[in-house]
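All residue numbers for the sequence shown refer to this note's numbering, where the first residue is 2 and numbers rise by one. Just so you know, even glycine gets a beta-carbon here, dropped at the ideal spot from N, CA and C. Here the structure is a predicted model, which is why all the values come from computation and not from measurement. Step one of this worksheet: look at the structure below.
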Amino acid sequence: MPHIQLLSPRLANQIAAGEVVERPASVVKELVENALDAGAGRVDVEIEQGGTKLIRVRDDGFGIAETDLPLALSRHATSKILTLDDLEAVASLGFRGEALASISSVSRLTLTSRTEQQEAAARVEVEGRDMDARISPAAHPVGTTVEVRDLFFNTPARRKFLRTEKTEFNHVEECVRRQALSRFDTGFTLRHNQRVVQSLRPAESDLDKERRIGSLCGQQFIDNAVVIDAEATGLRLWGWVALPTFSRSQADLQYFFVNGRVIRDKLVAHAVRQAYRDVLYNNRHPAFVLYLEVDPATVDVNVHPTKHEVRFRDGRLVHDFIFRTLHRALADVRPDDHLRGAAAQSFGREPVVEVSGGVPEGGGGVQTPWPETAASNGYPVSQGAQPQQEWRASDQMAFYQSLNEGGGVSSGQASASVSQVSVTPPMEEGDEPPLGYAVAQLHGIYILAQNRAGMIVVDMHAAHERITYERMKRALAEQDIKSQPLLVPLSMAVSQKEAALTETHGDELQQLGLQIERIGPETLAVRQIPALLRGADTEQLVRDILADLIEHGQSDRVEAVTHELLGTMACHGSVRANRQLTIPEMNSLLRDMEATERSGQCNHGRPTWTLMTMSELDKLFLRGR
């Protein structure tokens, strides 16, 4: 058996480089983070051949003293932490003291720096072969410049794993984008092969921040984004979340920062996914740029060498705060928020979209009352956001079954393309509601309405489905979950860990309407289930809940399955195709949409309405040319 011996410093650094330096983008990340920790107001990044030939990062921070230059390239040397208390409350981006040593072990590195106290700058050079630092005088303003040449020149196996120049530069560009999103007060410049790719000035005002977001994430994102800013129990969450209609096929526009550090965290991802649960279409992903500010002592960033993962001291509190903030923000979105984004895209304006509670201006002041004929047809009477009667989940189906009775039309009537054509009298400025007024019904499926922006087309079944669904959820929330005892208790074989969870989370399970007893080391007995879910797969439901408790410390499976059931009931109880509505009925449906949470999507995530602006209509008919 070989004898145990110490690794050489060079080999130890190269092993560490395998964790820290994966590709040129990893080098850029570490160097830019050092620049930001040094208080830089400007960071310039220059790349050649995707970063394999040259990576140069220059900043105007406070610099490194000449006497500290050789130590800066040593492993486990840093000025950011000194004691264990500092490690437990890290406020800087870097703290391990491994980056420069790891980078210099697999490249030819030159570091030039000057502090305000120094009359001249100094340069230190090191190559991966012998790693002997050579110091010489240099000319440089206050700040630091790091040049990394010939990355992986002495580790050819690692170099073979690099992709094409374009691919590697795309990773570098994404890295700079993340850093630019994390620090609005810092200017960034990115050059590739002497060509300027990004040039961002410091953003101080809210308008400048939105411009930076638009340039980095696309103007469509900012046009369709909702601004949020919430604080509670020492936590603050602010940033931009895209409307559900601006969903993505991939999770490629999701940026989450904790105290300025970009992270990828399963807890955060679960909270965001839960908030978007019933407003996203199948397999679509939300888009967001969010910033969480917490006490550094309550989050552990010393989890992974790349520092992309964190661990919260109270993960459940953070999860609930993120979920409730986003859930409320999405619920408060009303049609006029969607209209601002659509108008901005059509006319080239930049909207200011903010979350506010209650009925939006213009939507709550104009209410079209239901005539007696509408009430007699079974359609609910609308009074803003609140119905006239109390809505109970148990009688929703019975109430809405009358909606379609006699609602069908004969084949002769169905052949008409447009019905109930009407001209709406002009309103005073500011009196028009966001969705305007109905003018016709198309093929018994769509409602055509007009407002000052243009023409609005509403899928009346999808819109009514969301209205019914939200009312049923609200009615259910006002009641306690009723449990139903099982005539024959369900016996389940589980692991010891899962069985123990039913004892430690017994009260929470009881609140969900579940009574589960541990009758053996690996055996559970389910004695009661929620009454609404008596037709569901009880065993699979319990197993999913236990899996959530293991992964996240909590579960919303009962709520999710209950809402799925309510969504099915709302779908079957909503107005059907070929149901001919009168103009007052259509207007009342529009007013209900303006007062209903998440009315932009049906229960399945499909859009309920769309806008075609006058500008778009003019383009179709070549007007103004």
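Task: Meets three-Cβ-pair contact criterion under 8 Å: the region 202-210 and the region 53-61 - done: no
Open item on the list: If distances are taken between C-alpha atoms only, which option among Leu8, Ser108, Asp337 and Arg285 comes closest to Arg160?
Closed with: For this step, residue 160 is matched to residue 159 along the sequence shown. Looking at the Cα atoms, Ser108 is the closest of the given residues.
- [ ] Kindly examine the ligand ADP and report whether one of its heavy atoms sits closer than 6 Å to the Cβ of Arg274.
- [x] With respect to the ligand ADP, the structure offers nothing, as it holds no ligand at all.
Task: Val1 vs His444 beta-carbon contact at 7 Å - done: Here the chain covers residues 2 to 626 and nothing more, so residue 1 does not appear.
Task: Rounded straight-line distance, which links the Cα of Leu550 to that of Leu502 - done: As a working mapping, residue 502 is identified with position 501 in the sequence shown. As a working mapping, residue 550 is identified with position 549 in the sequence shown. Using only the alpha carbons, I get a separation of about 8 Å.
Task: Thr539 to Tyr277 span [Cα, whole Å] - done: Residue numbering aside, residue 539 sits at position 538 when the sequence shown is read from its first letter. Residue numbering aside, residue 277 sits at position 276 when the sequence shown is read from its first letter. Distance between Thr539 and Tyr277, taken at the CA atoms: about 25 Å.
- [ ] Assign Glu47 to buried or exposed, taking buried as 16 or more other Cβ atoms, counted over all protein chains shown, within 10 Å of its Cβ.
- [x] One-based indexing of the sequence shown puts residue 47 at position 46. Buried.
Task: Residue range of the alpha helix (DSSP H) that includes Arg213 - done: Along the sequence shown, one-based indexing puts residue 213 at 212. From DSSP, the alpha helix (DSSP H) with Arg213 extends over Asp207 to Cys218.
Open item on the list: Is there a Cβ of chain D sitting closer than 7 Å to that of Leu191, yes or no?
Closed with: Absence of chain D from the displayed structure is noted, only one protein chain being present.
Task: Length of the line joining the Cα atoms of Pro372 and Ile584 - done: The sequence position of residue 372 within the sequence shown is 371, counting from 1. The sequence position of residue 584 within the sequence shown is 583, counting from 1. Note on Pro372: pLDDT 33, under 50, position unreliable in the model; the coordinate value appears next. One C-alpha to the other measures close to 11 Å.
Task: Anticipated Cβ contact below 8 Å, Tyr256 with Arg179, distance rounded - done: Locating residue 256 in the sequence shown gives position 255, counting from the first residue. Locating residue 179 in the sequence shown gives position 178, counting from the first residue. So it is a contact: roughly 6 Å between Cβ atoms.
- [ ] Would you grab the beta carbon distance between Thr611 and Arg467 for me? Rounded to a whole angstrom, and I think it's under 8 Å.
- [x] Here residue 611 refers to the residue found at position 610 of the sequence shown. Here residue 467 refers to the residue found at position 466 of the sequence shown. That belief does not hold up - the Cβ atoms of Thr611 and Arg467 are roughly 15 Å apart, past 8 Å.
Task: Same chain, Cβ closer than 7 Å to Gln497, five either side skipped, listed in chain order - done: The count along the sequence shown starts at 1 and reaches residue 497 at position 496. Once the five neighbours on either side are set aside, the close Cβ partners of Gln497 are Pro522 and Glu523.
Task: Spatial neighbours of Ala243 in its chain, beta-carbon cut-off 8 Å, leaving aside the 5 residues before and after - done: Taking the first residue of the sequence shown as 1, we reach residue 243 at position 242. Cβ within range, chain order: Phe222, Asn225, Ala226, Val227, Leu254, Pro287, Ala288 and Phe289.
Open item on the list: Considering just the uninterrupted stretch of the alpha helix (DSSP H) at Pro25, what are its terminal residues?
Closed with: Here the question's residue 25 lines up with position 24 in the sequence shown. Annotation for Pro25: the continuous alpha helix (DSSP H) segment containing it runs Pro25 to Asp38.
Open item on the list: Using the three-state DSSP reduction, which class does Ser556 fall into: helix, strand or coil?
Closed with: What you label residue 556 is simply residue 555 of the sequence shown in a count that begins at 1. The answer is coil: DSSP assigns Ser556 none of H, G, I, E or B.
TODO: Could you tell me the distance, in whole angstroms, from the CA atom of Ala298 to the CA atom of Glu89?
DONE: The residue labelled residue 298 in the question sits at position 297 within the sequence shown. The residue labelled residue 89 in the question sits at position 88 within the sequence shown. Near 6 Å, if we compare the C-alpha coordinates of Glu89 and Ala298.
Task: Beta-carbon spacing of Gly64, Gly188 below 7 Å - done: The sequence position of residue 64 within the sequence shown is 63, counting from 1. The sequence position of residue 188 within the sequence shown is 187, counting from 1. No, they are not a contact pair.
Task: Contact check, Glu67 vs Ala134, beta carbons under 7 Å - done: Counting from one through the sequence shown, the residue named residue 67 turns up at place 66. Counting from one through the sequence shown, the residue named residue 134 turns up at place 133. Not a contact, by the Cβ cut-off of 7 Å.
- [ ] Quick one: give me the first and last residue of the alpha helix (DSSP H) that Val295 is part of.
- [x] By one-based count along the sequence shown, residue 295 stands at place 294. Neither: Val295 is in no alpha helix (DSSP H) and is coded neither H nor E.
Open item on the list: Rounded to the nearest angstrom, what separates Thr116 and Leu182 at their Cα positions?
Closed with: Taking the sequence shown and counting its residues from 1, one reaches residue 116 at position 115. Taking the sequence shown and counting its residues from 1, one reaches residue 182 at position 181. In a straight line, the C-alpha of Thr116 is about 27 Å away from that of Leu182.
Task: Own chain, CB closer than 6 Å to Gln402, minus 5 neighbours either side, in chain order - done: The residue you call residue 402 lines up with position 401 of the sequence shown. Any reading at Gln402 must be qualified, since the residue scores a pLDDT of 41, below 50, and its modelled position is unreliable; the value itself is stated next. Nothing meets the Cβ criterion.
Task: Nearest residue (CA-CA) to Val147, options Asp557, Leu238, Ser93 and Ala100 - done: Position 146 of the sequence shown, counting from 1, holds the residue named residue 147. If we check each option's Cα against that of Val147, Ala100 comes out closest.
Task: Through-space distance from Ser75 to Arg97, alpha-carbon basis - done: Sequence index remark: in the sequence shown, residue 97 carries index 96 (1-based). Sequence index remark: in the sequence shown, residue 75 carries index 74 (1-based). Roughly 11 Å separates the two Cα atoms.
Task: As assigned by DSSP and simplified to three states, the class of Gly142 - done: Here residue 142 corresponds to residue number 141 of the sequence shown, with the count starting at 1. Gly is not the amino acid found at residue 142; the sequence shown has Pro there. Here Pro142 sits in coil by DSSP.
TODO: Inspect the beta-carbon positions of Ala476 and Asn588 and report whether they are closer than 7 Å.
DONE: The residue labelled residue 476 in the question sits at position 475 within the sequence shown. The residue labelled residue 588 in the question sits at position 587 within the sequence shown. No, the pair does not count as a contact, with Cβ atoms beyond the cut-off.
TODO: Could you check which residue in Leu331, Ala158 and His271 has the C-alpha nearest to that of His320?
DONE: Stepping through the sequence shown from its first residue, residue 320 is reached at position 319. Closest by C-alpha distance to His320, out of Leu331, Ala158 and His271, is His271.
Task: Close Cβ partners of Met613 (< 6 Å) along its chain, the five nearest in sequence each way excluded - done: Mapped onto the sequence shown, residue 613 falls at position 612. Excluding residues within five positions, the ones whose Cβ falls inside 6 Å are Gly455 and Met456.
- [ ] Measure the C-alpha to C-alpha separation of Val198 and Glu174 and round it to an integer number of angstroms.
- [x] Here the question's residue 198 lines up with position 197 in the sequence shown. Here the question's residue 174 lines up with position 173 in the sequence shown. In a straight line, the C-alpha of Val198 is about 9 Å away from that of Glu174.
Open item on the list: Tell me the rounded alpha-carbon separation between Tyr447 and Gly568.
Closed with: Translated into the one-based positions of the sequence shown, residue 447 becomes position 446. Translated into the one-based positions of the sequence shown, residue 568 becomes position 567. Taking the straight line joining both Cα atoms gives about 21 Å.
TODO: Kindly indicate the opening and closing residues of the alpha helix (DSSP H) around Gln511.
DONE: In the sequence shown, counting from the first residue as 1, residue 511 sits at position 510. In the DSSP assignment, Gln511 falls within the unbroken alpha helix (DSSP H) covering Gly507 to Gln512.
Open item on the list: Less than 6 Å between C-beta atoms, sequence neighbours within five positions excluded: which residues of the same chain meet that for Phe400?
Closed with: Start at 1 with the first residue of the sequence shown, and residue 400 comes out as number 399. Model confidence at Phe400 stands at a pLDDT of 40, short of 50, so the residue's coordinates are unreliable and nothing is read from them.
Open item on the list: Runs of 4 residues minimum, wholly inside the region 71-131: which ones carry the alpha helix (DSSP H) assignment?
Closed with: 85-88 and 100-105
- [ ] Label Asp38 either buried or exposed according to how many other C-beta atoms from any shown protein chain fall within 10 Å of its C-beta, with 16 as the threshold for buried.
- [x] For the purposes of this step, residue 38 is taken as residue 37 along the sequence shown, with counting starting at 1. Counting the other CB atoms within 10 Å of its CB gives Asp38 a total of 16 or more, which places it among the buried residues.
Open item on the list: Do Glu595 and Pro434 have their beta-carbon atoms positioned less than 7 Å apart in this structure?
Closed with: Numbered from its first residue, the sequence shown carries residue 434 at position 433. Numbered from its first residue, the sequence shown carries residue 595 at position 594. Result yes, Cβ atoms of Pro434 and Glu595 sit closer than 7 Å.
TODO: Give the DSSP bridge partners of Arg148, in chain order.
DONE: By one-based count along the sequence shown, residue 148 stands at place 147. According to the sequence provided, residue 148 is Glu. The question's Arg does not apply to it. Answer is Arg57 and Thr111.
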